[in-house]
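If you read the sequence shown in my numbering, its first letter stands for residue 41, the second for the next number, and so on.
A virtual CB, placed ideally from N, CA and C, is assigned to each residue, including glycine.
Okay, so here's the structure we're looking at.
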Amino acid sequence: MNDHQFDFSCDVLEQSHELPVLVDFWAQWCDPCRMLTPVLERIAEKFGGKVKLVKINTEEYPDIASRYNVSGIPNVKLFIDGSITDEFTGALPEAQIEQWLKRALPSRYSAEVKLAQDLVGEGKERQAAAILDEVLVNEADNIAALALMIRIRLFGHPDDALKLNERLEGEPGYGEFCDAVRTLGGLLQKDEDALPDDPVRERYRAALACLRSGAFSDALEAFIGVIRESRYYDDDGSRKACIAIFKYLGEDHPVTLKHRRVFDRALY
Numbered sequence: 041m042n043d044h045q046f047d048f049s050c051d052v053l054e055q056s057h058e059l060p061v062l063v064d065f066w067a068q069w070c071d072p073c074r075m076l077t078p079v080l081e082r083i084a085e086k087f088g089g090k091v092k093l094v095k096i097n098t099e100e101y102p103d104i105a106s107r108y109n110v111s112g113i114p115n116v117k118l119f120i121d122g123s124i125t126d127e128f129t130g131a132l133p134e135a136q137i138e139q140w141l142k143r144a145l146p147s148r149y150s151a152e153v154k155l156a157q158d159l160v161g162e163g164k165e166r167q168a169a170a171i172l173d174e175v176l177v178n179e180a181d182n183i184a185a186l187a188l189m190i191r192i193r194l195f196g197h198p199d200d201a202l203k204l205n206e207r208l209e210g211e212p213g214y215g216e217f218c219d220a221v222r223t224l225g226g227l228l229q230k231d232e233d234a235l236p237d238d239p240v241r242e243r244y245r246a247a248l249a250c251l252r253s254g255a256f257s258d259a260l261e262a263f264i265g266v267i268r269e270s271r272y273y274d275d276d277g278s279r280k281a282c283i284a285i286f287k288y289l290g291e292d293h294p295v296t297l298k299h300r301r302v303f304d305r306a307l308y
């Protein structure tokens, strides 16, 4: 957009109620700004229809730059519904900006994902999965939908969940979740006939059965029992299982809080 002919209130604030607006604060003398401009233009084109790019020369519009606390340039701010929702400063690599924008932009399917979450909470996983299938057909990189679908599929169809998990790998904030899914998926698919012969074998099999049924508390109790008797059975499988369950549920989950200290004591 030509930054000599625009009205900030109309072209940014009002427009952002209809479409997210990416504002690039720049200046002619700023070399990093000139490097960033074509990058932002390529990204805006790639996200066509999802975001509008506006360039504002801070030398020509110092009042706007001051109003929005632009202290260093290039400075890029994302406006949604009239407010700044995210921003960054400096000429970041193109791939990093794409990842940032993908996380910062609201999904067109946020209401559908929220409905699916509510359905899962009510135990209606089949209905939730049908909604998420439709979302992922239309928005394959919808991270929230992908993570929720993995949770739905993991215990009934671990092979499907592991394939979906590969698409989630590397997403910021999902590292521990992906690690947990990878470990749990392997345990759920384990060939029990190939388990090492050991006095704890049946207890370990019972722990796996509890895990498959989603009885996390019982599974943790059984895995911790195995750790106490045979610490490294099945390649340290019980310790790995417990850590994966804790990561999957979250540190503040009641089941995690109930068993975490007991687990720690069992190790030492």
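So GLU216 and LYS287 are supposed to be a Cβ contact under 8 Å. How far apart are they, rounded? At roughly 4 Å, the Cβ-Cβ gap stays under 8 Å, so GLU216 and LYS287 are in contact.
In the structure shown, what three-state DSSP assignment does THR125 receive? THR125 falls in the strand class under three-state DSSP.
Given a threshold of 16 other Cβ atoms within 10 Å of its Cβ, counted over all protein chains shown, does PRO114 qualify as buried or as exposed? With a threshold of 16 other beta carbon atoms within 10 Å, PRO114 meets it and is buried.
When we look at the beta-carbon of ASN182 and count the other beta-carbons within 10 Å, is it buried (16 or more) or exposed? Buried is the call here.
Kindly indicate which three-state DSSP category ILE113 falls into: helix, strand or coil? ILE113: coil per DSSP, three-state reduction.
Does PRO60 pass the burial test, meaning 16 or more other C-beta atoms within 10 Å, or should it be called exposed? Label assigned to PRO60: buried.
Would you be able to state if there are at least three C-beta pairs under 8 Å between the stretch 138 to 155 and the stretch 101 to 111? No: the two stretches stay apart, fewer than three of their Cβ pairs being nearer than 8 Å.
In the DSSP assignment, find the unbroken alpha helix (DSSP H) run with LEU80 in it and report its ends. LEU80 -> alpha helix (DSSP H) spans 71 to 86.
Does the count of Cβ pairs from the stretch 154 to 162 and the stretch 79 to 99 closer than 8 Å reach three? Contact between the stretch 154 to 162 and the stretch 79 to 99 is absent, because fewer than three Cβ pairs lie under 8 Å.
CA-CA distance, THR223 and ILE283? Taking the straight line from one Cα to the other gives about 9 Å.
Limits of the unbroken beta strand (DSSP E) element including LYS92: Note, LYS92: beta strand (DSSP E), 92 to 97.
If you pair each beta-carbon of the stretch 264 to 271 with each one of the stretch 296 to 308, do three or more pairs fall below 8 Å? With a cut-off of 8 Å, the stretch 296 to 308 and the stretch 264 to 271 count as touching, because enough Cβ pairs lie within range.
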